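Engineer:
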Amino acid sequence: MKNIFISLGLLISFNSLAEIGVTEEFIERFSSLPSYTGVDISPDGKMISVITKMPDDKRGLTIFDAEDLSLINTITLSNDEEISGYSWANNERLIIRIGYYDKKWGRGSGGEYFSINFDSTKPAYIFGRRSRAGSQKTKGKVVDKFSSGYIENSLEDDNKHVVLSVNEWSKSNTGSFTTSVKLNVYNGQQRKMGKSPLAGGQVRTDSKGIPRFAVGSDEDNNTVTMYRASKKDDWEVLSKTPFGEGEIYPVNISKDDSTIHILDSTETSTYQLKKIDTSTGATEVVFHHPKFDAYPQIIDDVVLGATINPGYSQAFWFDIDSPLQNSILQAVNAFNGNVDIFDTKEVGIVALTKARDKAILTISDSVSSPKYYLYDMGKGQMKYLLTMWPEIDDAGLEEEIPFNFKNSDGVVIHGYYTRAKNQQEGQAAPMIVVPHGGPHARDSWGFDPDTHILSQAGYSVLKVNFRGSTGYGKEFTKLGFGEWGGDTQQDIIEATEWAIAQGVADKEKIGIYGGSFGGYSAAMAPMLRPDLYKSSVAYIGVFDLEMLYNEGDIKGIKWGGKYLDKTLGQDPEKIKAMSPVLQADKLEAPIIIVSGEEDQRAPIEHAYALADALEKAGKEHELIIVPKEGHGFRKPENRSMLYTKMLEHFDITLQ
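What the sequence shown shows, in my numbering, is residues -11 to 643, in sequence order.
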């Protein structure tokens, strides 16, 4: 039966929530934005700042005294404006990225910047679409009219300027050429520092703010990396490779511009972390793992190590002479195993003072909201600051456990498993498989609201890094090309069978839920194995692969068609076989299709097409179209509606 309705987030009753193991309050907390994000410390270490969710649900900036954590000031913006990001320019001044909050449309940002002192004095609008030529004291052309910017270089030794990467708004499918602009944080005065040679690309600047690297894609979907030795030199092509065949990506340029670190996968499957001496051109491989991609660890603008993520993240440090790194590692080692905050946790460095005598650390795991601490290196003291989601009671949340298995093709597949609430060792529980989006992305170990909502409702949760995922080298990613409905789905299916074989999943009560590519998989996998999956929720998915060439934003990108040719393959019959709209007669699982009316990546035409195909095939389904939402719901009430409908659906269909 076809059941189409337009949801405003007001049509859902919470009466049955108690029956499915969670409360309305629990769902609302996990549906809302975190109370605190963007924790930072002033350069002199005297103040702690944090983006705070205010009573009206807008985001403001709260500033505390670092010594006693007393409140110094709260900065908010007027009308529908809020703070979406910020940076300390010096000990007194903050640069704030202006965001917009509309109760009907949700949140967004136009790349505008506002600056203000920590005590709310000397406010100034310094960059964005409201600027007019002649309204600011500028050097050269005003580049911020009808353009967006983001801070690319904070210029630590310059208290009056930052470097923005600026992109003009363009109707062209090639995108604009990124311009590096040195911006005065007091009056908005601008100075052009250079322009990317690649349309739609990104740049990396040196200590003076001059663009030295440019990375982008050309019309043929080649990944192009360019470099120049100085502002006076010509740009040279470092690499030009077809999508998926490796790339060179700039990581870091040292403060004195003497060394450059890059990630390079042009000659190996996984990234090599390389160091280049800019005076001699000598190149050294400082880290490489044959199975897992490296993620550089940067402290004090120095690359000191790398992590890999086979399951839990693993760190490798190779600059053991760094006093800063040693101080932080000593703190971790001193607390690890003795104080609960560091026991089996991941530790990250969020911010440092200019003197490198204080650091803000984040402590995270899979069962609690991330927590922030202030570490005084001179005193060797650790002080708790705040919890990202203090409203969430993490008592009783289940741990996410890494696993891996060898699939039927002999390829090792990694993923994460979370027990259902109160699930005992060796007990088979109802299970929800949650494929990630992308598909060229990955799941990682950590705190995930989706997982905990399902787990607390009585479902074990399985997440799979199938062939095509990132993090395991380019060869593993390439295994997913042309296999959206083939080998990729086979990995999801075999991971499900692995969980059943382990005795942790009830084979008669398996559901599947995902968003974007995960939404596609939530429709496709049950069509391939109707005997295995008994229920489905497909969220913001694509369901007609041929339609991707004609609808949505991918077709409007200069390399969009080439990207689709590469990732989908060019066999028309195989593409049809991988399209859920043409396989609707194979579906046996009741399915809910959820889409945002304004979605440009997975337009609602996909949802309507699948619903029509299921209607013709006489299959049980429900279609939910949510107004004023796009590719991922931004409004808490709509996320709450989604979770509630999903849990009610699984509760009915998996009994």
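Note that the Cβ used here is the ideal one computed from N, Cα and C, for glycine as well.
Owing to the predicted nature of the structure, the values given are computational and were not obtained by experimental measurement.
With 16 as the cutoff for other CB atoms within 10 Å, does Q372 come out buried or exposed?
Structural biologist: Here residue 372 refers to the residue found at position 384 of the sequence shown. It should be noted that the sequence gives Tyr, not Gln, for residue 372. That one is exposed.
Engineer: Taking the continuous beta strand (DSSP E) assigned at N28, which residues delimit it?
Structural biologist: On the sequence shown, position 40 is the one that residue 28 refers to. Residue 28 is actually Asp in this sequence, not Asn. Element bounds for D28: Y24 to I29.
Engineer: Just how far apart, CA to CA, sit V492 and A416?
Structural biologist: Position 504 of the sequence shown, counted from the first residue, corresponds to residue 492. Position 428 of the sequence shown, counted from the first residue, corresponds to residue 416. Going from the Cα of V492 to the Cα of A416 covers about 4 angstroms.
Engineer: In whole angstroms, what is the alpha-carbon distance linking I60 and Q588?
Structural biologist: For the purposes of this step, residue 60 is taken as the residue at position 72 of the sequence shown. For the purposes of this step, residue 588 is taken as the residue at position 600 of the sequence shown. Spanning the two alpha carbons is a distance of roughly 42 angstroms.
Engineer: Within 10 angstroms of the Cβ of S246, are there 16 or more other Cβ atoms? Answer buried if so, exposed if not.
Structural biologist: By 1-based counting over the sequence shown, the position of residue 246 is 258. Looking at its Cβ environment, which holds fewer than 16 other Cβ atoms inside 10 Å, S246 is exposed.
Engineer: Please confirm whether G529 and Y508 have their CB atoms less than 9 angstroms apart.
Structural biologist: One-based indexing of the sequence shown puts residue 529 at position 541. One-based indexing of the sequence shown puts residue 508 at position 520. Against a cut-off of 9 angstroms, the Cβ pair of Y508 and G529 comes out as a contact.
Engineer: Would you list the residues sitting across from F165 in a DSSP beta bridge?
Structural biologist: Taking the first residue of the sequence shown as 1, we reach residue 165 at position 177. Looking at the DSSP assignment, F165 forms a beta bridge with A187.
Engineer: Return the Cβ separation of S153 and S75 in integer angstroms, given the expectation that the two are a contact with Cβ distance under 8 angstroms.
Structural biologist: Walking along the sequence shown from the start, residue 153 turns up at place 165. Walking along the sequence shown from the start, residue 75 turns up at place 87. Going by Cβ atoms, the distance from S153 to S75 rounds to 14 angstroms, so no, they are not a contact pair.
Engineer: Tell me, which residues are paired with P230 by DSSP?
Structural biologist: Position 242 of the sequence shown, counted from the first residue, corresponds to residue 230. Per DSSP, N210.
Engineer: As a quick exercise: from E379, L340, T555 and A565, pick the residue whose alpha carbon is nearest that of S20.
Structural biologist: In the sequence shown, residue 20 corresponds to position 32, counting from 1. The option with the nearest alpha carbon to S20 is E379.
Engineer: Please go through the same chain and pick out, in chain order, the residues whose beta-carbon is closer than 8 angstroms to the beta-carbon of L82, but skip the five residues on each side of it.
Structural biologist: In the sequence shown, counting from the first residue as 1, residue 82 sits at position 94. Answer for L82: S37, L49, I63, Y74, S75, W76, S103, I104, N105 and F106, listed in chain order.
Engineer: Per DSSP, Q260 forms a beta bridge with which residues?
Structural biologist: Taking the sequence shown and counting its residues from 1, the one referred to as residue 260 is at position 272. BP columns for Q260 point to D252 and H276.
Engineer: Using 8 angstroms for Cβ pairs, my map puts R622 next to R95. What's the rounded Cβ distance?
Structural biologist: Here residue 622 refers to the residue found at position 634 of the sequence shown. Here residue 95 refers to the residue found at position 107 of the sequence shown. Right, the Cβ-Cβ distance comes to about 5 angstroms (below 8 angstroms), so this counts as a contact.
Engineer: Taking just the CA atoms, how far does T229 sit from D645?
Structural biologist: With the chain covering only -11 through 643, there is no way to say anything about residue 645.
Engineer: Going along the chain, which unbroken runs of the beta strand (DSSP E) with 3 or more residues stay wholly within the segment 391 to 440?
Structural biologist: With a minimum length of 3 residues, the continuous beta strand (DSSP E) runs that stay inside the segment 391 to 440 are 400 to 406 and 417 to 421.
Engineer: Can you tell me the Cα-Cα spacing of A339 and D289, whole angstroms?
Structural biologist: Residue numbering aside, residue 339 sits at position 351 when the sequence shown is read from its first letter. Residue numbering aside, residue 289 sits at position 301 when the sequence shown is read from its first letter. Going by the C-alpha atoms only, they are around 11 angstroms apart.
Engineer: Within 10 Å of its beta-carbon, does R200 have 16 or more other beta-carbons around it, so buried, or fewer, so exposed?
Structural biologist: As a working note, residue 200 is residue 212 in the sequence shown. Looking at its Cβ environment, which holds 16 or more other Cβ atoms inside 10 Å, R200 is buried.
Engineer: Among the candidates K180, S135, E413 and S504, whose CA atom is the shortest distance from the CA of G618?
Structural biologist: Along the sequence shown, read from residue 1 onward, the residue named residue 618 stands at position 630. Of the candidates K180, S135, E413 and S504, the one whose C-alpha sits nearest the C-alpha of G618 is S504.
Engineer: By a C-beta neighbour count over all protein chains shown, 10 Å radius and 16 as the cutoff for buried, is L383 buried or exposed?
Structural biologist: Here residue 383 is taken as the residue at index 395 of the sequence shown, counted from 1. According to the sequence as given, residue 383 is Ala; it is not Leu. With fewer than 16 Cβ atoms within 10 Å of its Cβ, A383 is classed as exposed.
Engineer: Would you tell me roughly how many angstroms separate the C-alpha atoms of H637 and Y259, rounded to the nearest one?
Structural biologist: Against the sequence shown, residue 637 aligns to sequence position 649. Against the sequence shown, residue 259 aligns to sequence position 271. In a straight line, the C-alpha of H637 is about 42 angstroms away from that of Y259.
Engineer: To the nearest angstrom, how far is it from the Cα of T632 to the Cα of K359?
Structural biologist: Residue numbering aside, residue 632 sits at position 644 when the sequence shown is read from its first letter. Residue numbering aside, residue 359 sits at position 371 when the sequence shown is read from its first letter. The straight-line gap from Cα to Cα measures roughly 28 angstroms.
Engineer: Would you call the segment 462 to 482 in contact with the segment 263 to 270, where contact means no fewer than 3 C-beta pairs closer than 8 angstroms?
Structural biologist: No, the segment 462 to 482 is not in contact with the segment 263 to 270.
Engineer: Check each candidate in K196, Y88, K466 and E413 and name the one with the smallest Cα separation from F231.
Structural biologist: The count along the sequence shown starts at 1 and reaches residue 231 at position 243. Comparing Cα-Cα distances from F231 to each of K196, Y88, K466 and E413, the minimum goes to K466.
Engineer: For G197 and chain B, any beta-carbon pair shorter than 9 angstroms?
Structural biologist: No chain B appears in the structure shown, which is made up of a single protein chain.
Engineer: Look at the alpha carbon of Q490 and the alpha carbon of G398, and state the distance between them as a whole number of angstroms.
Structural biologist: Translated into positions along the sequence shown, residue 490 becomes position 502. Translated into positions along the sequence shown, residue 398 becomes position 410. One C-alpha to the other measures close to 19 angstroms.
Engineer: Does DSSP put R344 in a helix, a strand or coil?
Structural biologist: By 1-based counting over the sequence shown, the position of residue 344 is 356. Coil at R344, not helix or strand.
Engineer: Let me make sure I understand the geometry here. Which of S205, T268 and K219 has the alpha-carbon closest to that of Y237?
Structural biologist: The residue labelled residue 237 in the question sits at position 249 within the sequence shown. It is S205.
Engineer: Should K180 and S168 be called a contact, given that it needs their Cβ atoms to be closer than 9 angstroms?
Structural biologist: Mapped onto the sequence shown, residue 180 falls at position 192. Mapped onto the sequence shown, residue 168 falls at position 180. Yes, these two residues count as a Cβ contact at 9 angstroms.
Engineer: Could you check the C-alpha separation between A217 and V191 for me, to the nearest Å?
Structural biologist: For the purposes of this step, residue 217 is identified with residue 229 of the sequence shown, where counting begins at 1. For the purposes of this step, residue 191 is identified with residue 203 of the sequence shown, where counting begins at 1. Straight-line Cα distance between these residues: approximately 14 angstroms.
Engineer: Count the other CB atoms within 10 Å of the CB of Q178; is the residue buried (16 or more) or exposed (fewer)?
Structural biologist: Residue numbering aside, residue 178 sits at position 190 when the sequence shown is read from its first letter. It counts as buried.
Engineer: What would DSSP say about T268, mapped onto helix, strand or coil?
Structural biologist: In the sequence shown, the residue the question calls residue 268 occupies position 280. If DSSP states are grouped into helix, strand and coil, T268 belongs with coil.
Engineer: Which residues does DSSP list as the beta-bridge partners of Q369?
Structural biologist: The residue given as residue 369 occupies position 381 in the sequence shown. Per DSSP, D364.
Engineer: Can you check whether the CB of N395 is closer than 9 angstroms to the CB of E463?
Structural biologist: Numbered from 1 along the sequence shown, position 475 holds the residue referred to as residue 463. Numbered from 1 along the sequence shown, position 407 holds the residue referred to as residue 395. No, these two residues do not count as a Cβ contact at 9 angstroms.
Engineer: Out of K546, A577, M535 and E576, point me to the one whose CA is closest to I563's CA.
Structural biologist: Here the question's residue 563 lines up with position 575 in the sequence shown. Closest by alpha carbon: M535.
Engineer: Write down the C-beta distance between V151 and E140 rounded to the nearest angstrom, noting that I regard them as a contact closer than 8 angstroms.
Structural biologist: Translated into positions along the sequence shown, residue 151 becomes position 163. Translated into positions along the sequence shown, residue 140 becomes position 152. Going by Cβ atoms, the distance from V151 to E140 rounds to 5 angstroms, so yes, they are a contact pair.
Engineer: Just verifying my parser: in three-state terms, what is the DSSP assignment at N3?
Structural biologist: By 1-based counting over the sequence shown, the position of residue 3 is 15. For N3, the predicted structure reports a pLDDT of 39, less than 50, and the residue's modelled location is therefore unreliable. A value from the coordinates is still provided. In the structure shown, N3 sits in coil (DSSP, three-state: anything other than H, G, I, E or B).
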